[in-house]
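Residue numbers (the numbering used here), protein chains in the order written: chain A, 9 to 338; chain B, 12 to 162; chain C, 1472 to 1843; chain D, 154 to 332. Down below is the structure, laid out as structure tokens.
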């Protein structure tokens, strides 16, 4: 019992540090990546190649005054950003970083992650409603309908993976995919799954982009229409927490994609599995998030919804049926 | 129904070409000019604020206080003062104040000057903590500074 | 895609697309009465950057109004210079030498390309794409450097005088322009059309959005790319030729659909046409003086004069009334965006907020030109 | 049979008495410059009628002067002939105590023909019927002319100031306006 307390403390600190550093330095990666795509340099003044820029931003956000607009429910206004941050942090518990690095091997970890994701959506709704700003209300209404529309195909594609591995536990899923990239779910070759798996990978990736309100699906905080969406009235750390929440959601989305489809901590040639492979895969996926954001314009709310209802959901159900049939046959 | 499929195929292809283009841009060199370290050079006809021309030897302004430029200026930013020259003929410039906060750099004053006493300077980054440096920009003082640093 | 609206009075709220909003590109306020996200009534409120240029014209002599013209539409300032120079030359009967006319056309067309590039960047910014802005500004900087070399200023030009232009163009300007055209021609298919025009997200975002019929254009007096996007073949350079435009052959892009996509395609084709004009003008550039003889004290004889010029946004008309004095007696500036925006109220009804902003972006508004 | 001639036929019923004089209207324009010759103010307003002018010199083909209440029928004819309303503006003739409203019509596409319609109003209560029922473009142009000159446009849907602040009580473009 005594080691488990130390172990819990160690993991608690480890996850906090991992989450904090990631939230800060993803901002830096995004600005550097956007810069390079737009043929400019990005932050380069503060510290070598701008590496201290996130720290400077953090200090600036901390030192600013948190303005609460008049006639607004204080409690709700202050809890919304915290509510955006906590689910993203807690879902790090269930993610298997490598064979022996996992905070707690929870039995139904896939379910836990999606439950926490919908709490994150609550935060957006609360933030928009509590700030009493017309733009924020429009943006929170959009965010709810968008997250709802994209959770269904996401869950259905996850079911196809769970059907394959037979268990809802992320560690199991990852263990099943060890030993080289041909064992990964994306390229699952035996008994004919290669047909359906990459479709569900693409659908899952699109839904994770939409789930984290990232362009081209950033209808919620559409800078050029709704000024700053649900974050309009937030200054200093309220805005900071919302941004950290968004970046952590991206990290969790990337971890989920790698664990479900890209074989978790497995090395592509099956030689030296370890946590560094897991991190490399996450950061490649995160770079594609950034890459997509700086390439595409924004979709319009109705086209976005019918993209989900008319395209993604039918495809994911068909995919599910085929996978189930294949499992039955072989 | 085929509109449904063409959307998917055509859309997917256009999305991928978009990604390919930004990827190529990601790896191509930086285009921007890092301002404080790389200073841009102005073209010969660049219009900075107007400045007096001093003749080479004496360094005194060529201006004969004829008053053409204050009349030509649409936003009357030029105030001139001159006094009789000791040698009896013509007038000598004593004060030339340009209100650079109202000047629209239209060039009508430089055009109206028949005595080649006014031209556009080429400094673009004028900075000061005090607005009066621009409202009462003393071109005589600037000419003396120029002469001093030329020596 | 406008949904029939039953005006549920209790759920209608007024949203101020305020004078300070990222999508209005200036200080335009649109009072939107909204039902959910649908617009029930849209009413633009103007005057936040009104400076009364017409009274300034009456105060100074004719030459002193030239700097004002560039402050109205700073994206296509040279066309406004050209319009004012044309109307006064018409009134006072001043001859402009051949070379000056060619230089005027070259610089105006270069300025038109710069204006369309900036519209394209701002339009994509409204629709959420950030990167195209940087690519467009990369090209636009080349034009601004070229124009700075010959006119002296970068945005608000005061380059044209009655009877010609201020400075002659040198060989470096000519070779620079040819390199720029070659470079833009190589970049247009990739960075502009493949990345954006053929992108399915953009097509879905602006196709069949903000339909404006030809009849609506005529009744509201919309001209320029807005009218040409609705099938009206009207371009002042062709219908009412001025300066040396008849000597160049270029065609007018007209798209009948009338939606935002049509207006988008009109402007993209106009960039190519302007490049054609510049090349022909550079080939046929005659030698000679750039400044005709213009009287020092301009006193045009009394009467009503009108000159029309094609700017990047439409027909710019100068209605000048002279009474023989050295000041203009009365100057009316018919700015194109003033009429183009007047149809926003009627077309935006029943639209979504996101579509209305896409539609406003496709109208290519420059607010100081509306408010004068 | 150019558009302008066709238009002139259409306008004939409105201006039966006038003969089509071709010399430019400017001639009988009062020489405001030589102010020492004080004429009687209202006598020399230009005669009502249709007049050809040289487009190269003045920019418009036809110059029509009409009475204030003929403005709407003229606008109706213009609309039927396919013209569009380019601009409405006012001119303040202080010396003759008159306010003038100038309507510019032009053709969108096809053969080029610009028509200028002018009407004169007494300076003390300048009232003219609105054409915004025929051309919605006039709505804003008339509001702007009211804003700058104080000309009342009868029947205008909401004649309020468009460019100046709502509570401004002056009309800046009048010649006797001192800031």
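All C-beta atoms, glycine included, are put in the ideal place defined by N, C-alpha and C.
Worksheet item: Does the separation of the CB atoms of residue 1611 of chain C and residue 1581 of chain C fall below 8 Å?
Response: Taking the first residue of the third chain as position 1, residue 1611 of chain C is located at position 140. Taking the first residue of the third chain as position 1, residue 1581 of chain C is located at position 110. Not closer than 8 Å, so no.
Worksheet item: If you check the beta carbons only, do residue 1776 of chain C and residue 1558 of chain C fall under 8 Å apart?
Response: Taking the first residue of the third chain as position 1, residue 1776 of chain C is located at position 305. Taking the first residue of the third chain as position 1, residue 1558 of chain C is located at position 87. For the 8 Å CB-CB criterion, residue 1776 of chain C and residue 1558 of chain C form a contact.
Worksheet item: Near residue 82 of chain A, what residues of its chain come up, given a Cβ to Cβ distance below 7 Å and the 5 sequence neighbours on each side ignored?
Response: To locate residue 82 of chain A, count along the first chain from 1; it is residue 74. Excluding sequence neighbours, residue 82 of chain A sits near 76.
Discussion item. At the level of alpha carbons, what is the spacing between residue 183 of chain D and residue 1771 of chain C?
Written reply: Taking the fourth chain and counting its residues from 1, one reaches residue 183 of chain D at position 30. Taking the third chain and counting its residues from 1, one reaches residue 1771 of chain C at position 300. Only weak support exists for where residue 183 of chain D lies, its pLDDT of 39 falling under 50; the coordinates are left without a value.
Item to complete: Take residue 1673 of chain C and list the residues in its own chain whose beta-carbon comes closer than 6 Å to its own, dropping the five residues that flank it on each side.
Response: On the third chain, residue 1673 of chain C is found 202 positions in, with the first residue counted as 1. Taken in chain order, the residues that qualify are 1667.
Fill in: Of the listed residues A:123, A:122, A:97, A:124, nearest to residue 111 of chain A (C-alpha basis)
Within the first chain, the letter at position 103 stands for residue 111 of chain A. Distances from the alpha-carbon of residue 111 of chain A to those of A:123, A:122, A:97, A:124 put A:97 closest.
Worksheet item: If we cut at 8 Å on Cβ distances, does residue 76 of chain B have a partner in chain A?
Response: Stepping through the second chain from its first residue, residue 76 of chain B is reached at position 65. Any Cβ of chain A closer than 8 Å to the Cβ of residue 76 of chain B would place that residue at the interface, and such an atom is absent.
Worksheet entry | Contact with chain C by residue 207 of chain D, beta-carbon distance below 8 Å | In the fourth chain, residue 207 of chain D corresponds to position 54, counting from 1. Chain C contact via Cβ: absent.
Practice prompt. Show which residues of chain C have a CB atom less than 7 Å away from the CB atom of residue 237 of chain D.
Written response: As a working note, residue 237 of chain D is residue 84 in the fourth chain. When 7 Å is used as the limit between beta carbons, residue 237 of chain D is near these residues of chain C: 1689, 1692, in chain order.
Fill in: Beta-carbon proximity list for residue 80 of chain B, same chain, < 7 Å, skipping 5 on both sides
As a position in the second chain, residue 80 of chain B is number 69, starting the count at 1. Within the same chain, residue 80 of chain B has close Cβ partners 89, 120, 123, 124, 129.
Fill in: residue 238 of chain D and residue 258 of chain D closer than 8 Å at C-beta
For this step, residue 238 of chain D is matched to residue 85 along the fourth chain. For this step, residue 258 of chain D is matched to residue 105 along the fourth chain. For residue 238 of chain D and residue 258 of chain D, yes; Cβs fall inside 8 Å.
Discussion item. So residue 325 of chain D contacts chain C; which residues on that side make the cut at Cβ distance below 7 Å?
Written reply: Position 172 of the fourth chain, counted from the first residue, corresponds to residue 325 of chain D. Residues of chain C with a Cβ closer than 7 Å to the Cβ of residue 325 of chain D are, in chain order, 1523, 1526.
Worksheet item: So, helix, strand or coil for residue 183 of chain D, using DSSP?
Response: As a first step, residue 183 of chain D must be located in the fourth chain, where it is residue number 30. At residue 183 of chain D the pLDDT is 39, less than 50, meaning the model places this residue with poor confidence; the figure from the coordinates comes in the next sentence. In the structure shown, residue 183 of chain D sits in coil (DSSP, three-state: anything other than H, G, I, E or B).
Item to complete: Give the straight-line distance between the Cα atoms of residue 226 of chain D and residue 284 of chain D, rounded to the nearest whole angstrom.
Response: Translated into the one-based positions of the fourth chain, residue 226 of chain D becomes position 73. Translated into the one-based positions of the fourth chain, residue 284 of chain D becomes position 131. Spanning the alpha carbons of residue 226 of chain D and residue 284 of chain D requires a straight line of approximately 9 Å.
Item to complete: Let me know the beta strand (DSSP E) ranges lying completely inside the stretch 1753 to 1779 of chain C, each 3 residues or longer, listed in chain order.
Response: Entirely contained in the stretch 1753 to 1779 of chain C, not one beta strand (DSSP E) run reaches 3 residues.
Item to complete: Return the first residue and the last residue of the alpha helix (DSSP H) that residue 293 of chain D is part of.
Response: If you number the fourth chain from 1, residue 293 of chain D lands on position 140. Counting along the chain, the alpha helix (DSSP H) containing residue 293 of chain D begins and ends at 291 to 302.
Worksheet item: Is it true that the CB of residue 204 of chain D sits closer than 8 Å to the CB of residue 157 of chain D?
Response: If you number the fourth chain from 1, residue 157 of chain D lands on position 4. If you number the fourth chain from 1, residue 204 of chain D lands on position 51. Note that the C-beta distance between residue 157 of chain D and residue 204 of chain D is not below 8 Å.
Worksheet item: Does the beta carbon of residue 200 of chain D sit closer than 8 Å to a beta carbon anywhere in chain C?
Response: To locate residue 200 of chain D, count along the fourth chain from 1; it is residue 47. For residue 200 of chain D, the answer is no, since every Cβ of chain C falls outside 8 Å of its Cβ.
Discussion item. Counting only Cβ-Cβ distances shorter than 9 Å, please list the residues of the stretch 23 to 34 of chain B near chain A, keeping chain order.
Written reply: Hits within the stretch, in order: 26, 29, 30, 32, 33, 34.
Worksheet entry | Closer than 8 Å to chain B by CB, residue 1671 of chain C | Position 200 of the third chain, counting from 1, holds the residue named residue 1671 of chain C. Cβ-Cβ to chain B under 8 Å: yes for residue 1671 of chain C.
Practice prompt. Taking a Cβ distance cut-off of 9 Å, strictly less, list which residues of the stretch 103 to 125 of chain B are near chain C, in chain order.
Written response: Look at the stretch 103 to 125 of chain B: the residues with a C-beta under 9 Å from a C-beta of chain C are 115, 116, 117, 118, 119, 122.
Discussion item. Quick check on the DSSP output: the beta strand (DSSP E) that includes residue 1587 of chain C runs from which residue to which?
Written reply: Here the question's residue 1587 of chain C lines up with position 116 in the third chain. For residue 1587 of chain C, there is no enclosing beta strand (DSSP E); the enclosing alpha helix (DSSP H) has its first and last residue at 1569 to 1597.
Worksheet item: In whole angstroms, what separates the C-alpha of residue 105 of chain A from that of residue 273 of chain A?
Response: Counting from one through the first chain, the residue named residue 105 of chain A turns up at place 97. Counting from one through the first chain, the residue named residue 273 of chain A turns up at place 265. The alpha-carbon atoms of residue 105 of chain A and residue 273 of chain A are separated by roughly 7 Å.
Worksheet item: When the Cα atoms are used, what is the spatial distance from residue 168 of chain D to residue 1539 of chain C?
Response: Here the question's residue 168 of chain D lines up with position 15 in the fourth chain. Here the question's residue 1539 of chain C lines up with position 68 in the third chain. One alpha carbon belongs to residue 168 of chain D, the other to residue 1539 of chain C, and they sit about 41 Å apart.
Discussion item. Applying the 10 Å Cβ sphere with the 16-neighbour rule, what's the burial state of residue 177 of chain A?
Written reply: By one-based count along the first chain, residue 177 of chain A stands at place 169. Around the beta carbon of residue 177 of chain A, 16 or more other beta carbons lie within 10 angstroms, which makes this residue buried.
Practice prompt. Specify the secondary structure class of residue 1747 of chain C as computed by DSSP and reduced to three states.
Written response: In the third chain, counting from the first residue as 1, residue 1747 of chain C sits at position 276. In the three-state scheme derived from DSSP, where H, G and I count as helix and E and B as strand, residue 1747 of chain C is classed as helix.
Fill in: Pair within 8 Å by beta-carbon distance, residue 132 of chain B and residue 62 of chain B
For this step, residue 132 of chain B is matched to residue 121 along the second chain. For this step, residue 62 of chain B is matched to residue 51 along the second chain. The beta carbons of residue 132 of chain B and residue 62 of chain B sit closer together than 8 Å.
Discussion item. Can you tell me whether residue 192 of chain D is buried or exposed? The criterion is at least 16 other CB atoms within 10 Å of its CB, across all chains shown.
Written reply: In the fourth chain, the residue the question calls residue 192 of chain D occupies position 39. Unreliable placement is indicated for residue 192 of chain D, whose pLDDT of 35 sits below 50; the coordinate value is still reported in the next sentence. Exposed, because fewer than 16 other Cβ atoms sit within 10 Å of the Cβ of residue 192 of chain D.
Discussion item. Between the stretch 1494 to 1505 of chain C and the stretch 1527 to 1537 of chain C, can you find at least three pairs of beta-carbon atoms closer than 8 Å?
Written reply: The stretch 1527 to 1537 of chain C, when compared against the stretch 1494 to 1505 of chain C, does not touch it at the 8 Å Cβ threshold.
Worksheet item: When you check each C-beta in the stretch 58 to 87 of chain B against every C-beta of chain C, which residues fall closer than 9 Å?
Response: Flagged, chain order: 58, 83, 84, 85, 86.
Worksheet item: Any idea if residue 49 of chain B is buried or exposed, counting beta-carbon neighbours within 10 angstroms, 16 or more meaning buried?
Response: Numbered from 1 along the second chain, position 38 holds the residue referred to as residue 49 of chain B. Under this definition residue 49 of chain B is an exposed residue.
Discussion item. What does the Cβ neighbour count give for residue 42 of chain A, buried or exposed, with the cut at 16 atoms within 10 Å?
Written reply: For the purposes of this step, residue 42 of chain A is taken as the residue at position 34 of the first chain. Residue 42 of chain A sits buried, since 16 or more C-beta atoms from the chains shown fall within 10 Å of its C-beta.
Discussion item. Between which residues of its own chain and residue 316 of chain D is the CB-CB distance below 7 Å, once the five residues before and five after are set aside?
Written reply: Looking up residue 316 of chain D in the fourth chain gives position 163. Spatial neighbours of residue 316 of chain D in its own chain (CB-CB distance under 7 Å, excluding positions within 5 residues in sequence) are listed in chain order as 297, 300.
Worksheet item: Does the Cβ-Cβ distance between residue 1803 of chain C and residue 228 of chain D come in under 8 Å?
Response: Numbered from its first residue, the third chain carries residue 1803 of chain C at position 332. Numbered from its first residue, the fourth chain carries residue 228 of chain D at position 75. It is not a contact, given that the beta carbons lie outside the stated cut-off.
Worksheet item: Taking Cβ-Cβ distances shorter than 8 Å, what residues in chain A pair up with residue 1896 of chain C?
Response: This structure cannot speak to residue 1896 of chain C, because chain C is shown only from 1472 to 1843.
Fill in: the stretch 38 to 58 of chain B: positions lying closer than 9 Å to chain A by Cβ
Answer in chain order: 38, 39, 40, 41, 42, 43, 45.
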